[in-house]
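>
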Amino acid sequence: MENDAATLYCPNELCQAANPLTHKFCQRCSTPLPKRYLWAVGDGLSVGNPGELLADRYLVISKSVVLDTKPGLLPEVPELENLQSIRAYLRLIPYRLNVPQVYGVLPLGDGRAQKEVLLLEKPPLLTDTTALQVQLCSQLTTAWRDATSMRQLNWLWQIAHLWQPFVSEGVASSLLDPHLLRVEGSLVRLLELRFDSPTAVDLTQLGEFWRQLHSQAKPVIAEFVNEISSLLIQGKINSPEILIAVLDRGLAELGRAQTPSIKIITKTDTGPSRQRNEDACYPPSGTLVSKPPQATALAIVCDGIGGHEGGNVASNLAIETIQQQVQQLTKVPYDHIEPSLLLADLDTAVAVANDKISQRNDGEHRQGRQRMGTTLVMALPLAQEMYITHVGDSRAYWITHHSCYQVTLDDDVASREVRLGYAIYREAVQQNGAGSLVQALGMSSSNSLHPTSQRFILDEDAIFLLTSDGLSDFDRIEEYWETDILPILTGEDNVGNVANKLIEIANTKNGHDNVTIALVHYQVQYHEPELSLKAVIPDGLYVKAAASPTQATLLEDSPPQNTKVIPESKPATTTQLPFHLIVPLILVVVVGSMAYWVKQRLSPSSSGTIPVFSNPVATLQPTASEAPTARSLDNLARGWVIKTNREITLNNKEILPSNSFLEVIDKNNPQASGSFLVNMRLCSSENTLTSADPNKKVGSRLPIQEKRVLVELSKLKRLGVTVLQASDRSPCDTVPQSPDSQPPEPNAQSDTSATESNTR
Numbered sequence: 148m149e150n151d152a153a154t155l156y157c158p159n160e161l162c163q164a165a166n167p168l169t170h171k172f173c174q175r176c177s178t179p180l181p182k183r184y185l186w187a188v189g190d191g192l193s194v195g196n197p198g199e200l201l202a203d204r205y206l207v208i209s210k211s212v213v214l215d216t217k218p219g220l221l222p223e224v225p226e227l228e229n230l231q232s233i234r235a236y237l238r239l240i241p242y243r244l245n246v247p248q249v250y251g252v253l254p255l256g257d258g259r260a261q262k263e264v265l266l267l268e269k270p271p272l273l274t275d276t277t278a279l280q281v282q283l284c285s286q287l288t289t290a291w292r293d294a295t296s297m298r299q300l301n302w303l304w305q306i307a308h309l310w311q312p313f314v315s316e317g318v319a320s321s322l323l324d325p326h327l328l329r330v331e332g333s334l335v336r337l338l339e340l341r342f343d344s345p346t347a348v349d350l351t352q353l354g355e356f357w358r359q360l361h362s363q364a365k366p367v368i369a370e371f372v373n374e375i376s377s378l379l380i381q382g383k384i385n386s387p388e389i390l391i392a393v394l395d396r397g398l399a400e401l402g403r404a405q406t407p408s409i410k411i412i413t414k415t416d417t418g419p420s421r422q423r424n425e426d427a428c429y430p431p432s433g434t435l436v437s438k439p440p441q442a443t444a445l446a447i448v449c450d451g452i453g454g455h456e457g458g459n460v461a462s463n464l465a466i467e468t469i470q471q472q473v474q475q476l477t478k479v480p481y482d483h484i485e486p487s488l489l490l491a492d493l494d495t496a497v498a499v500a501n502d503k504i505s506q507r508n509d510g511e512h513r514q515g516r517q518r519m520g521t522t523l524v525m526a527l528p529l530a531q532e533m534y535i536t537h538v539g540d541s542r543a544y545w546i547t548h549h550s551c552y553q554v555t556l557d558d559d560v561a562s563r564e565v566r567l568g569y570a571i572y573r574e575a576v577q578q579n580g581a582g583s584l585v586q587a588l589g590m591s592s593s594n595s596l597h598p599t600s601q602r603f604i605l606d607e608d609a610i611f612l613l614t615s616d617g618l619s620d621f622d623r624i625e626e627y628w629e630t631d632i633l634p635i636l637t638g639e640d641n642v643g644n645v646a647n648k649l650i651e652i653a654n655t656k657n658g659h660d661n662v663t664i665a666l667v668h669y670q671v672q673y674h675e676p677e678l679s680l681k682a683v684i685p686d687g688l689y690v691k692a693a694a695s696p697t698q699a700t701l702l703e704d705s706p707p708q709n710t711k712v713i714p715e716s717k718p719a720t721t722t723q724l725p726f727h728l729i730v731p732l733i734l735v736v737v738v739g740s741m742a743y744w745v746k747q748r749l750s751p752s753s754s755g756t757i758p759v760f761s762n763p764v765a766t767l768q769p770t771a772s773e774a775p776t777a778r779s780l781d782n783l784a785r786g787w788v789i790k791t792n793r794e795i796t797l798n799n800k801e802i803l804p805s806n807s808f809l810e811v812i813d814k815n816n817p818q819a820s821g822s823f824l825v826n827m828r829l830c831s832s833e834n835t836l837t838s839a840d841p842n843k844k845v846g847s848r849l850p851i852q853e854k855r856v857l858v859e860l861s862k863l864k865r866l867g868v869t870v871l872q873a874s875d876r877s878p879c880d881t882v883p884q885s886p887d888s889q890p891p892e893p894n895a896q897s898d899t900s901a902t903e904s905n906t907r
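Going by the numbering used here, the first residue of the sequence shown is number 148, and it counts up by one from there.
In structure tokens, the structure reads:
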């Protein structure tokens, strides 16, 4: 409902003029007027009557929806000690395509009765900005019947990917609540998060929920959905990885009925304020690529770091190296590629480029800010999927008929603070150094690099925009996507014209930097296939543990592999062991025998039971009747101690000496890639951290129990460390234990999770 007395204030701090709510631009200074509709969290909560103005800024639109009429002002945020109640939202920021983020709090009431209502931004709302009308996006269970089979499986696939991070944050029950589970086009979007009850939430409950969808599933996947539900309920699918693999097979089959066509164009410009262009792109600027007839389509944008010292060299070297690496990957027919291994191969390609730049820096004796580097964002469309890889603050946006979504999360200090649960994003970006990059290509070896590779299922026409911060700064994409990019999807404009317009916007509205963009226009034709999918657990994905026949453990974390080629046809079902399982099973036996031998040497009195290889995502706890499982990085748990066997250089160039001991504080899952981040404290009394960078001061004189180290588990496995067994003694045993220790403070010198390389 429109309030004639309410006004929308210009966010320009030099203007702040009052404007009618229906205006898109400030009538005084022409600054775009953002309309931020917010969701007020609370069961049955009614914040006020439509048209009422709360806290002198929030206009009530409906029962739980308000509009911020002063978007230029920072919202009120919870006190630091109250962040625990919203930490799940913060740590799930890599999944903000699906999960709304915390905007601030709304104080309601007076005196002792005053309470704070949590406000979430970008909830699943459909808005009519001209009439100030909003409505909730449809529930998944309501929209299910009218969706195509590809979209139905796409929704289930997204839920499967969200399951493990939601379990880690104690909010998995949100994925079982039809009221919270909304859909916006092809995207699954949560209205808010619901915290799990003390009763454990498991995949059997997900199976029960999905079984309700069987009756209205499209005929081609009806039996498939029913079989998956049954396998979940029976415990035969007992991990998200197995569930995703089964859904991947179904999506690949449906993908044969989908015909995509792709156009890519790139543009780069020096800009009005720079003397040289340090950006680079692939294909070369101004090139239009169409697939078909081209066999492959690939877009890359790099933003060089280092000024005249060589930012342009780094960006061009990254483009050349990665393009060659990815072209090799795409020579394998798509239906022979296993997606999870392709994601790993994309990360490897980025690591190769990183090491080439880093080695050149080392060869030219560049140190600190003299080192050249580059950001990276890359889009690889394959069949019905889009793969996005990024490092740094160059971004990818996904534009559909429904909205514009920022796909990537900047690798900067502000995003890191939110991802670790320390701050709300709108507050974090106001801090000094918030935009400093925590990683970029070329700054250090690939052991310290954490590229983010994501995969999206596409079932409708879409635009992917890759851009350097010359355009994305100051929210220019959010301001202009609807007027200048959306016309590509409606057929009113083409990618060439839009690319030129975006360069002009960057130069006239920003103008502070080089600008480089790539537009990827994905169009799709889909017809319902005449077949009936069957749910099949891929061979070799898991082996059953003898002590618990309903529990399966993944054969993961093997040495780096090339993109897996999948057989064209399924092997016949016989009683003979399939050949492709022989080698993995031999490896399991060999590794198990070695672990058994080591365990006997370390603990002669043990029962001698061969340890079960546990799932690194969800550690299985042994029952009282089982022998204890050998400790390893695969089943890493809180309170265990890790010993370094060689000198290790951390992300911020601090050196962790050989024979250091670190105690695990906790293990969380903040990365979009799904990999764990291990939070540890250094408890070795004889070793301290030093720095490889002579210009960087390291707080090595802090008390030893205050030193914190954050390392991604996948990287930790390559650093040559040993996990001490329960019977082993270590310096950590002599330091007072603090099982409830919190992660390091966001600005503490001891945080070694990343390097603040160059301020962009």
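Heads up, the beta-carbon is just placed ideally off N, CA and C, and yes, glycines get one too. What you are looking at is a predicted structure, and each value in this text was computed from that prediction instead of being measured.
(1) Please classify Thr637 as buried or exposed, where buried requires at least 16 other C-beta atoms within 10 Å of its C-beta.
(2) Is Ile368 near Ser296, with beta carbons less than 7 angstroms apart?
(3) What are the start and end residues of each continuous alpha helix (DSSP H) run of 4 or more residues lying completely inside the segment 476-562, in chain order?
(4) Return the residue from the list Asn641, Ser877, Val662, Gln286 that minimises the CA-CA distance to Gly617.
(5) Are there 16 or more other CB atoms within 10 angstroms of the CB of Lys478, so buried, or fewer, so exposed?
(6) Go through its chain and collect everything with a Cβ distance to Ile624's Cβ below 6 angstroms, but skip five positions before and after it.
(7) Determine the extent of the alpha helix (DSSP H) in which Pro387 is found, giving its start and end residues.
(8) To the nearest angstrom, how far is it from the Cα of Asn806 to the Cα of Val870?
(9) For the putative contact between Phe342 and Gly317, defined by C-beta atoms under 8 angstroms, what is the C-beta separation to the nearest angstrom?
(10) Of the choices Arg243, Thr791, Gly453, whose alpha-carbon is the least far from that of Asp557?
(11) Using 8 angstroms as the Cβ pair cut-off and three pairs as the minimum, do the segment 530-541 and the segment 588-603 touch?
(12) Quick one: give me the first and last residue of the beta strand (DSSP E) that His326 is part of.
(13) Below 7 angstroms between beta carbons: does that hold for Arg542 and Thr555?
(14) Since Tyr184 is in the beta strand (DSSP E), which residue starts that stretch and which ends it?
(15) Nearest to Phe371 by alpha carbon, out of Ile684, Thr216, Arg793?
(16) Suppose the cutoff is 8 angstroms on Cβ atoms and the five residues either side in sequence are ignored; what does the same chain contact list for Gln363 look like?
(17) Would DSSP call Thr274 helix, strand or coil?
(18) Per DSSP, Pro407 is paired with what?
(19) Helix, strand or coil for Phe313? Go by DSSP, reduced to three states.
(20) Using a Cβ-Cβ cutoff of less than 6 angstroms, which residues in the same chain neighbour Asp606 once the five nearest sequence positions on both sides are dropped?
(21) Give the C-beta separation of Lys414 and Ser432 to the nearest angstrom, bearing in mind that I take them to be a contact with Cβ-Cβ under 8 angstroms.
(22) If distances are taken between C-alpha atoms only, which option among Pro179, Met590, Asn373 comes closest to His512?
(23) Measure the C-alpha to C-alpha separation of Thr154 and Lys656 and round it to an integer number of angstroms.
(24) Check whether the Cβ atoms of Glu331 and Pro254 sit closer than 7 angstroms, and answer yes or no.
(25) Which of helix, strand or coil does DSSP assign to Glu160?
(26) Just to confirm before moving on: does the CB-CB distance between Ser593 and Asp502 stay below 7 angstroms?
(27) Assuming contact is defined by CB atoms lying nearer than 7 angstroms, are Ile412 and Ala653 in contact in what I supplied?
(28) Name the DSSP bridge partner or partners of Met827?
(29) Kindly indicate the opening and closing residues of the alpha helix (DSSP H) around Phe356.
(30) Ignoring anything shorter than 3 residues, give me the beta strand (DSSP E) runs that lie fully in the segment 172-247, in order along the chain.
(31) So, helix, strand or coil for Lys262, using DSSP?
(32) For Asn424, which three-state DSSP category applies?
(33) Quick check: the Cα distance between Ile211 and Ile571, rounded to an integer number of angstroms?
(34) Using only the alpha-carbon positions, how far apart do Leu283 and Leu200 sit?
(35) Candidates Gly402, Ile789, Arg793: which alpha carbon is nearest Pro878's?
(36) Identify, in the order they occur along the chain, each residue of the same chain with its Cβ nearer than 6 angstroms to the Cβ of Lys648, setting aside the five sequence neighbours on each side.
Straight from the coordinates:
(1) exposed
(2) yes
(3) 486-510
(4) Val662
(5) Taking every protein chain shown into account, the CB of Lys478 has fewer than 16 other CB atoms within 10 angstroms, so this residue is exposed.
(6) Tyr544
(7) 387-402
(8) In a straight line, the C-alpha of Asn806 is about 12 angstroms away from that of Val870.
(9) The pair is a contact, with the Cβ atoms about 6 angstroms apart (cut-off 8 angstroms).
(10) Closest by alpha carbon: Arg243.
(11) They touch, by the three-pair rule.
(12) Here His326 belongs to no beta strand (DSSP E), and DSSP marks it neither H nor E.
(13) Contact flag set, yes.
(14) In the DSSP assignment, Tyr184 falls within the beta strand (DSSP E) that extends over 183-187.
(15) Ile684
(16) Trp291, Arg292
(17) Strand at Thr274.
(18) DSSP lists Val671 as partners of Pro407.
(19) The answer is helix: DSSP assigns Phe313 an H, G or I state.
(20) Met297, Arg298, Asn301, Ser333
(21) That belief holds up - the Cβ atoms of Lys414 and Ser432 are roughly 6 angstroms apart, short of 8 angstroms.
(22) If we check each option's Cα against that of His512, Met590 comes out closest.
(23) 25 angstroms
(24) no
(25) coil
(26) yes
(27) no
(28) Val811, Val856
(29) 350-358
(30) 183-187, 205-209, 212-215
(31) strand
(32) Correct three-state label for Asn424: coil.
(33) The amino acid occupying residue 211 in the given sequence is Ser; Ile does not appear at that position. Counting only the Cα atoms, Ile571 lies some 21 angstroms from Ser211.
(34) 21 angstroms
(35) Ile789
(36) Asp631
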